[in-house]
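Novice: Here UniProt numbering is used: the sequence shown runs in plain steps of one and ends on residue 410.
Every residue gets a Cβ at the ideal spot worked out from N, C-alpha and C, and that includes glycine.
These figures come from a predicted structure and were not determined experimentally.
Take this structure first; my questions come after.
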Amino acid sequence: MPPATPRGGIPVVAIVMARLVAEGNDFGVRPFLVQIGDGNQMCKNIISKALPTRTGTHPIDHTITYFNHVRLPRSALLGSIEGTGDKRADFASAIHRVAVGTLCISGSVIPFLKVASYVADQYSRNRLVTGHDGNPISVIEFRTQNLPILYAVAQYSVLESFFVSAAGSFGDMSLDPRVRHGIATAFKAVAINHFSKSIKAMNERCGWHGHFAHNQLLQLELEMRGASTAQGDLRVLAIRLASELLIGRYKMPPPSSPTSFIAQHEAALFSEAKSLLQNSAQGNHRSESFNRNILPLCLPLVKAIGYRMAFEAAQEANVEPKLVQLYEAGVIKEGPAWYAEQGGLCRDVQREMESQAVDDLLPHLQNMMQESGMQDYCNAPMASKALWDGFVGRLETFKGNASPDLLARL
């Protein structure tokens, strides 16, 4: 759990989930407001063990905290002791704000992608190689260098629209809370997937610079890894959402453009999983067949839902069409076999969709980087000569007057 130690000198309280048993009756897992420490020491019968620092992050303390017969006032229980009589529903109600956290923490992918693409772009413009005519050429001119940067721009542009749309669903009280959580899960699935692939691709294009945290890309990647489990492990959330959709407990918002390639792919995956559920698992979502055949399909299915919702949100928000086209090409690239076999898009067509979108966007990349407003958040030494000179000037320096006689001794 987050900081529970008295290291910071600040009194700590926490919401602790624990099973409520009163007069022999089990009322299920409930939330309690518990004081952990007074800022100088832990409260009685509470022990906190600080975990090692998580690699590559700017951490707060993470701890394992133990409770041994901690006495609480009746007011510590959050909510009514009676509940509804449905333990599962009571627990879901107690943690319903987790869905908001799922969406908000995943939303940090957007500024992270903005910073990462800006850093990679600046490095690529400053990195020069000798062209075939003997003149220096910036590596940003190479498709292998500009492609991942443009993909990141398309992704954060589309995700911004999806985030606004998803956040708006939490203001719609007529919407089933499970659907709101499903939308947050779909957003998290696509956001984390886009970030994890794009950050690696951009980092690799920065050569040895990318191996150092001070150039921000590796630091951003390590920081974001925790988001895949924070506010709900992504794969577990996907399994829950896909399972409940397949057994018909509720439905996600339908596509506004069901004939789009991305919407057709989503429908095909859902149909495939539904067929497996009925034919091999006999409709039993707790069977071994479900575990064997359908669980591996859950995350791809949720991502397909998220891709479609992101694509449609961007269209509705009038995001630059060329960016949306590149985003669509990237989604198709995630499952090229299906689009070739069932969607009528052979590999040549898929490749041309991507190439044409990049050709149209590349002349505007520098302006898009300036308009992103990330200049003030870029401190990577590899991003500019001024930052590099300042970085080198601060490095530990070694000098001396030793005689170079080592080879003479051999």
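Can you tell me whether G393 is helix, strand or coil according to DSSP?
Specialist: Walking along the sequence shown from the start, residue 393 turns up at place 393. Helix, per DSSP.
Novice: For S161, I'd like the list of residues in its chain whose CB is within less than 8 angstroms of its CB, leaving aside the five on either flank, ordered along the chain.
Specialist: Residue numbering aside, residue 161 sits at position 161 when the sequence shown is read from its first letter. Excluding sequence neighbours, S161 sits near A310, A313, A314, E316, A317 and V319.
Novice: Could you spell out where the beta strand (DSSP E) holding Q375 opens and where it closes?
Specialist: In the sequence shown, counting from the first residue as 1, residue 375 sits at position 375. Run containing Q375: none; DSSP gives neither H nor E here.
Novice: Please list, in chain order, all residues of the same chain as V115 whose beta carbon is under 6 angstroms from its beta carbon, the five residues on each side excluded.
Specialist: Translated into positions along the sequence shown, residue 115 becomes position 115. Cβ neighbours of V115 beyond the five flanking positions: M374 and Y377.
Novice: From R205 to F163, what distance separates their C-alpha atoms?
Specialist: The sequence position of residue 205 within the sequence shown is 205, counting from 1. The sequence position of residue 163 within the sequence shown is 163, counting from 1. Cα-Cα distance, rounded: 28 angstroms.
Novice: Report all residues from its chain with a CB closer than 6 angstroms to the CB of residue 415; omit the five preceding and five following residues, and keep chain order.
Specialist: Any answer about residue 415 is impossible in this case: the structure gives the chain only from 1 up to 410.
Novice: Considering only the beta carbon of each residue, do I46 and I36 sit closer than 7 angstroms?
Specialist: Position 46 of the sequence shown holds residue 46. Position 36 of the sequence shown holds residue 36. For I46 and I36, yes; Cβs fall inside 7 angstroms.
Novice: Quick check: what's the CA-CA separation for I95 versus T63?
Specialist: In the sequence shown, residue 95 corresponds to position 95, counting from 1. In the sequence shown, residue 63 corresponds to position 63, counting from 1. If I take the Cα positions, the gap works out to 21 angstroms.
Novice: Tell me where the beta strand (DSSP E) around L128 begins and ends.
Specialist: Numbered from 1 along the sequence shown, position 128 holds the residue referred to as residue 128. Its beta strand (DSSP E) spans residues L128 to T130.
Novice: For E328 and P321, what's the separation of their Cα atoms in angstroms?
Specialist: As a first step, residue 328 is located in the sequence shown; it is residue number 328 there, counting from the start. As a first step, residue 321 is located in the sequence shown; it is residue number 321 there, counting from the start. Going from the Cα of E328 to the Cα of P321 covers about 10 angstroms.
Novice: Counting pairs of beta carbons, one from the stretch 96-116 and one from the stretch 143-163, are three or more of them closer than 8 angstroms?
Specialist: Yes, they touch.
Novice: Which residues in the same chain as T57 place their Cβ atom closer than 6 angstroms to its Cβ, once the five residues preceding and following it in sequence are excluded?
Specialist: If you number the sequence shown from 1, residue 57 lands on position 57. L222 and E223, listed in sequence order.
Novice: In whole angstroms, give me the CA-to-CA distance for L72 and L246.
Specialist: In the sequence shown, the residue the question calls residue 72 occupies position 72. In the sequence shown, the residue the question calls residue 246 occupies position 246. Each residue's Cα considered, the two are about 42 angstroms apart.
Novice: Counting pairs of Cβ atoms below 8 angstroms between the stretch 385-400 and the stretch 132-139, do you hit three or more?
Specialist: Taking 8 angstroms as the limit for Cβ pairs, the verdict is that the stretch 132-139 does not touch the stretch 385-400.
Novice: I'd like to know whether the C-beta atoms of A281 and S289 end up nearer to each other than 7 angstroms.
Specialist: For the purposes of this step, residue 281 is taken as residue 281 along the sequence shown, with counting starting at 1. For the purposes of this step, residue 289 is taken as residue 289 along the sequence shown, with counting starting at 1. In contact: A281 and S289 (Cβ atoms closer than 7 angstroms).
Novice: Among the residues of its own chain, which have a CB less than 6 angstroms from the CB of I262, if the five just before and after it don't count?
Specialist: Residue 262 sits at position 262 when you count from the first residue of the sequence shown. Here the set comprises Y307, R308, F311 and V331.
Novice: Given a cut-off of 7 angstroms on the beta-carbon distance, is the pair T185 and L241 in contact?
Specialist: Counting from 1 along the sequence shown, the entry for residue 185 is found at position 185. Counting from 1 along the sequence shown, the entry for residue 241 is found at position 241. Yes; because the gap between Cβ atoms is below 7 angstroms, this pair is in contact.
Novice: When you compare each of D26, P11, M17 and C43 to F32 by their alpha carbons, which one comes out closest?
Specialist: The sequence position of residue 32 within the sequence shown is 32, counting from 1. The shortest Cα separation from F32 among D26, P11, M17 and C43 belongs to M17.
Novice: Smallest Cα separation from I192: which of G171, A230, F212 and N203?
Specialist: Walking along the sequence shown from the start, residue 192 turns up at place 192. If we check each option's Cα against that of I192, A230 comes out closest.
Novice: For G138, report the span of its beta strand (DSSP E) as first-last.
Specialist: Here residue 138 refers to the residue found at position 138 when the sequence shown is read from its first residue. In the sequence on display, residue 138 carries Ser and not Gly. From DSSP, the beta strand (DSSP E) with S138 extends over P136 to S138.
Novice: DSSP three-state label for V70, please.
Specialist: For the purposes of this step, residue 70 is taken as residue 70 along the sequence shown, with counting starting at 1. V70: coil per DSSP, three-state reduction.
Novice: Roughly how many angstroms separate the alpha carbons of Q325 and G79, rounded to a whole number?
Specialist: The count along the sequence shown starts at 1 and reaches residue 325 at position 325. The count along the sequence shown starts at 1 and reaches residue 79 at position 79. In a straight line, the C-alpha of Q325 is about 49 angstroms away from that of G79.
Novice: Exposed or buried, V349, counting other C-beta atoms within 10 Å across all chains shown (16 or more means buried)?
Specialist: Numbered from 1 along the sequence shown, position 349 holds the residue referred to as residue 349. Result: exposed.
Novice: Could you check if Y123 is buried or exposed, using at least 16 other CB atoms within 10 Å of its CB as the buried criterion?
Specialist: The count along the sequence shown starts at 1 and reaches residue 123 at position 123. With 16 or more Cβ atoms within 10 Å of its Cβ, Y123 is classed as buried.
Novice: Which value, in whole angstroms, describes the spacing of the CA atoms of P3 and I10?
Specialist: In the sequence shown, the residue the question calls residue 3 occupies position 3. In the sequence shown, the residue the question calls residue 10 occupies position 10. The straight-line gap from Cα to Cα measures roughly 10 angstroms.
Novice: Since R30 sits in a beta bridge, which residues does DSSP pair it with?
Specialist: Position 30 of the sequence shown, counted from the start, is the residue given in the question as residue 30. For R30, which the question treats as bridged, DSSP gives the partners A18.
Novice: When the distance is taken between beta carbons, is L234 closer than 7 angstroms to S243?
Specialist: For the purposes of this step, residue 243 is taken as the residue at position 243 of the sequence shown. For the purposes of this step, residue 234 is taken as the residue at position 234 of the sequence shown. Cβ distance not < 7 angstroms, so S243 and L234 don't count as in contact.
Novice: Quickly, what does DSSP pair M252 with across the bridge? List them, please.
Specialist: As a working note, residue 252 is residue 252 in the sequence shown. DSSP lists no partner for M252.
Novice: Sorted by chain position, which residues of the same chain lie with C-beta nearer than 7 angstroms to A22's C-beta, five sequence neighbours on each side aside?
Specialist: In the sequence shown, counting from the first residue as 1, residue 22 sits at position 22. Excluding residues within five positions, the ones whose Cβ falls inside 7 angstroms are I81.
Novice: So, at 7 angstroms on beta carbons, what are the nonlocal neighbours of H181 in its own chain, with the 5 sequence-adjacent residues on each side left out?
Specialist: By one-based count along the sequence shown, residue 181 stands at place 181. Closer than 7 angstroms at the Cβ level, and outside the excluded window around H181, lie A99.
Novice: Opposite K44 in the DSSP bridges: which residues?
Specialist: Taking the first residue of the sequence shown as position 1, residue 44 is located at position 44. DSSP output for K44 lists no bridge partner at all.
Novice: Taking 7 angstroms as the threshold (C-beta atoms), are I294 and A273 in contact?
Specialist: Here the question's residue 273 lines up with position 273 in the sequence shown. Here the question's residue 294 lines up with position 294 in the sequence shown. A contact, by the Cβ cut-off of 7 angstroms.
Novice: Across which residues does DSSP place V12 in a beta bridge pair?
Specialist: Taking the first residue of the sequence shown as position 1, residue 12 is located at position 12. The partner list for V12 (beta bridge, DSSP) reads G37.
Novice: Would Q216 and A380 qualify as a contact pair, given that the criterion is a beta-carbon distance under 7 angstroms?
Specialist: Against the sequence shown, residue 216 aligns to sequence position 216. Against the sequence shown, residue 380 aligns to sequence position 380. Yes, they are a contact pair.
Novice: Nearest to A267 by alpha carbon, out of P300, L237 and R286?
Specialist: Within the sequence shown, the letter at position 267 stands for residue 267. Out of P300, L237 and R286, P300 has the C-alpha closest to the C-alpha of A267.
Novice: Which two residues bound the contiguous alpha helix (DSSP H) that contains A89?
Specialist: Taking the sequence shown and counting its residues from 1, the one referred to as residue 89 is at position 89. Taken as a continuous stretch (DSSP letters only), the alpha helix (DSSP H) holding A89 covers K87 to A94.
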